Amino acid sequence: MVKVRINKQFYKDFNFYFYMLFIVLWIKPLIDAENGYELTYCLVFLVGAIIATLLTIFKNK
């Protein structure tokens with residue numbers, strides 16, 4: 010069984026707000042993408058921001 014520890018200090022740090030802002034800012038360009046290149050570009054940054062947020066939230070000290 011895998012135990013997952015949530016880094017509770019993360020929510021009090023600047024990183025949480027920075028990553029969440031980054032995620033929110035990449036949703037609008039993703040919706041407005043006109044071709045495959047723009048869609049791929051925005052999707053890569055959005056997925057990267059989500060992964061960075063999850064890694065930081067569940068990081069063990």
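If you read the sequence shown in our numbering, its first letter stands for residue 10, the second for the next number, and so on.
Beta carbons: idealized from backbone N, C-alpha and C, even for Gly.
Note that the coordinates shown come from a computational prediction; the quantities given were computed from them, not determined experimentally.
Is the region 29–36 close to the region 52–60, with three or more CB pairs under 8 Å? yes
Which residues mark the beginning and the end of the alpha helix (DSSP H) in which Ile59 is found? As a first step, residue 59 is located in the sequence shown; it is residue number 50 there, counting from the start. Where Ile59 is concerned, the enclosing alpha helix (DSSP H) stretches over Gly45 to Ile66.
Quick one, are the C-beta atoms of Ala42 and Cys51 less than 8 Å apart? Within the sequence shown, the letter at position 33 stands for residue 42. Within the sequence shown, the letter at position 42 stands for residue 51. It is a contact, given that the beta carbons lie within the stated cut-off.
Can you check whether the CB of Ile59 is closer than 8 Å to the CB of Ile15? Here residue 15 is taken as the residue at index 6 of the sequence shown, counted from 1. Here residue 59 is taken as the residue at index 50 of the sequence shown, counted from 1. Contact: no.
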